[in-house]
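Asks: Using this note's numbering, you'd call the opening residue of the sequence shown number 845 and step up by one each time.
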Amino acid sequence: MSSVRKIKILAVETSCDETALALVEASGGLKSPKFEILKNVVSSQTKIHAHWGGVVPNLAKREHIKNLPMIFRKIFESKVKSQRLKVDVVAVTVGPGLEPALWTGVNFAKEIHEELTTKNQKLKPKLVGVNHLEGHLYSFLLAKDRSYVLKNIRTIFPAIALIVSGGHTILLKMDSLTKWKKLGETRDDAVGEAFDKVARMLGLPYPGGPEIEKLAARSAVLGKRSASEDYINFPRPMIDQKNYDFSFSGLKTAVLYYLRDKYRSDVLKNVRTKIKQKKIADIAASFQKAAIDVLVSKTMRAAREFGARSVMLSGGVASNSALRKQLSVVSRKSSVNFFVCPKKFNTDNAVMIAVAGYIQYLQNKKRLLRAQGNLNL
Ligand code: KG4
Ligand code: ZN
């Protein structure tokens, strides 16, 4: 059966500010998809963009163009050329993301695919365009307890999947590996975007999510006690509404107004001189708690309403330990499985693109091979 055959996938991800390539061996078909990661390289551009306080599309494009061939050589440098030809599928992110950045990956993947096809007509490698959000969604197949996932793949559905990244906040109901329905999404800022913007208000560097997390957790700054997440009772937007949409712009603004009213400062370049470290940490912790409360509450309400057997968490913000912990604890209490992959596969990477590429290849699903900035699920 061709679908169960072991295949080698070369995956390319350039949707934002990470240039990532991966070589993954996939097998098992849709009934039992297994992955062996042969190579995984992520080259982050955050240091370059940090200077501008956010991602600059044309800078990202320039860096991807420079990095892609370098990483490609690194992956194959120890291999003889004939091994390179054994790639069965080239999977590339086509969207959503920054179009100039996406194009670099798409064009690179096309070149590699053409070279492989010319050199080995027999193998007929496939070129598969992948939705970045499906990459995040399927990252639960890389969870630490993935053997449990695979053994129980027929009984883990229906599942509720929460995707939380810099550009998206989406709640889905999955009936099977290939059938899902969107329940809701953010009406304004994505939760990662809110983390980044609040971090900026607090004078923290880009990307702000990990900085907020560090500050909220770091008791060293604060002496003996850890940051107080109850220090300020920031609003939990839409938490009681009976839909599955989110809104994080109001929460972000609440932090801004708090800083303005209390410290007479808005984008607080000089925040460190105005507010004591402990207070900044308390504000960060209170914001983080408000955001997590909304995410967890709505996810678990969906799990109850739809009788979910599992909850899956993915996207860059899923690397936040407090969110992972809170969702895992309430899932356990509700006797629902909780799946999340190791942190390195939550933030953008190409392994998740190989995984989604495999599922798509098995379904023979065609997607346009051009950059689609606004592609949705
Ligand atoms: O999935 P991702 O790498 O890129 C997009 O597809 O957007 O997500 C990046 C987002 C950024 O907003 C970043 O601040 C956030 O994920 N993030 C975090 C953490 N690590 C990354 N947010 C909160 N806590 C973290 N530890
Ligand atoms: Zn992402």
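Just so it is clear, CB atoms sit at the ideal spot from N, CA and C, and this is done for glycine as well.
Counting pairs of beta carbons, one from the region 1196-1204 and one from the region 851-864, are three or more of them closer than 8 Å?
Replies: These segments touch.
Asks: Smallest Cα separation from residue 1091: which of 1056, 1038, 1058?
Replies: For the residues 1056, 1038, 1058, the minimum Cα distance to residue 1091 belongs to 1038.
Asks: Considering only their Cβ atoms, is the gap separating residue 895 from residue 863 smaller than 7 Å?
Replies: In this structure, residue 895 does not lie closer than 7 Å to residue 863 by Cβ.
Asks: Among 882, 941, 1139, 1021, whose alpha-carbon lies nearest the alpha-carbon of residue 997?
Replies: Per the Cα distances, 1021.
Asks: Using alpha carbons as the reference points, say which of 1134, 1219, 1056 lies closest to residue 1083.
Replies: Comparing Cα positions, the closest option is 1134.
Asks: According to DSSP, is residue 959 part of a helix, a strand, or is it coil?
Replies: Three-state DSSP puts residue 959 in a helix.
Asks: I need the DSSP call for residue 1024, collapsed to helix, strand or coil.
Replies: Reduced to three states, the DSSP call for residue 1024 is strand.
Asks: Using beta-carbon positions only, say whether residue 1182 and residue 1155 come within less than 7 Å of one another.
Replies: Result yes, Cβ atoms of residue 1182 and residue 1155 sit closer than 7 Å.
Asks: Are there 16 or more other CB atoms within 10 angstroms of the CB of residue 1184, so buried, or fewer, so exposed?
Replies: Per the 10 Å Cβ criterion, buried.
Asks: Is it buried or exposed, residue 1018, if we count other Cβ atoms within 10 angstroms and call 16 or more buried?
Replies: Residue 1018 comes out buried.
Asks: With a threshold of 8 Å on Cβ separation, who are the neighbours of residue 1044 within its own chain once the five nearest residues in sequence on each side are excluded?
Replies: These residues qualify, in order along the chain: 897, 1050, 1052, 1111.
Asks: Any heavy atom of the ligand ZN closer than 6 Å to the beta-carbon of residue 1040?
Replies: The answer is no for residue 1040.
Asks: What is the rounded straight-line gap between the Cα of residue 1149 and the Cα of residue 1004?
Replies: So the alpha carbons of these two residues sit roughly 10 Å apart.
Asks: Could you tell me the boundaries of the alpha helix (DSSP H) in which residue 1092 lies?
Replies: No alpha helix (DSSP H) holds residue 1092; DSSP gives it neither H nor E.
Asks: What are the residues that DSSP puts in a beta bridge with residue 864?
Replies: Partner(s): 857, 886.
Asks: So, with DSSP's three-state summary, where would you put residue 973?
Replies: If DSSP states are grouped into helix, strand and coil, residue 973 belongs with the strands.
Asks: Excluding sequence positions up to five away, which residues of its chain have a Cβ less than 8 Å from the Cβ of residue 1102?
Replies: Same-chain partners within the cutoff: 1076, 1078, 1127.
Asks: May I have all residues whose beta carbon comes closer than 5 Å to any heavy atom of the ligand ZN, sorted in chain order?
Replies: Here the residues come out as 1009, 1192.
Asks: For the region 1209-1216 against the region 932-949, do three or more pairs of beta-carbon atoms, one drawn from each stretch, fall closer than 8 Å, so that the two count as touching?
Replies: Because the criterion of three Cβ pairs below 8 Å is met, the region 1209-1216 and the region 932-949 touch.
Asks: Find the nearest neighbour of residue 1146 within the set 1029, 983, 964, 988, judged by alpha-carbon distance.
Replies: It is 1029 whose Cα lies nearest to the Cα of residue 1146.
Asks: Would a C-beta distance cut-off of 7 Å place residue 885 and residue 935 closer than the cut-off?
Replies: Cβ distance not < 7 Å, so residue 885 and residue 935 don't count as in contact.
Asks: Please go through the region 1003-1057 and give each complete alpha helix (DSSP H) segment of 4 or more residues, from N-terminal end onward.
Replies: 1035-1045, all fully within the region 1003-1057.
Asks: Between which two residues does the alpha helix (DSSP H) carrying residue 902 extend?
Replies: Its alpha helix (DSSP H) spans residues 901-920.
Asks: With 16 as the cutoff for other CB atoms within 10 Å, does residue 1173 come out buried or exposed?
Replies: So residue 1173 counts as exposed.
Asks: Please report how far the alpha carbon of residue 1061 lies from the alpha carbon of residue 865, in whole angstroms.
Replies: Between residue 1061 and residue 865, the C-alpha separation is close to 32 Å.
Asks: Report the start-end ranges of each beta strand (DSSP E) in the region 1142-1220 that is 3 residues or longer and not cut off at the edges.
Replies: The region 1142-1220 contains these whole beta strand (DSSP E) runs: 1154-1158, 1181-1184.
Asks: What number of angstroms, rounded off, separates the C-alpha of residue 1180 from the C-alpha of residue 910?
Replies: Taking the straight line joining both Cα atoms gives about 45 Å.
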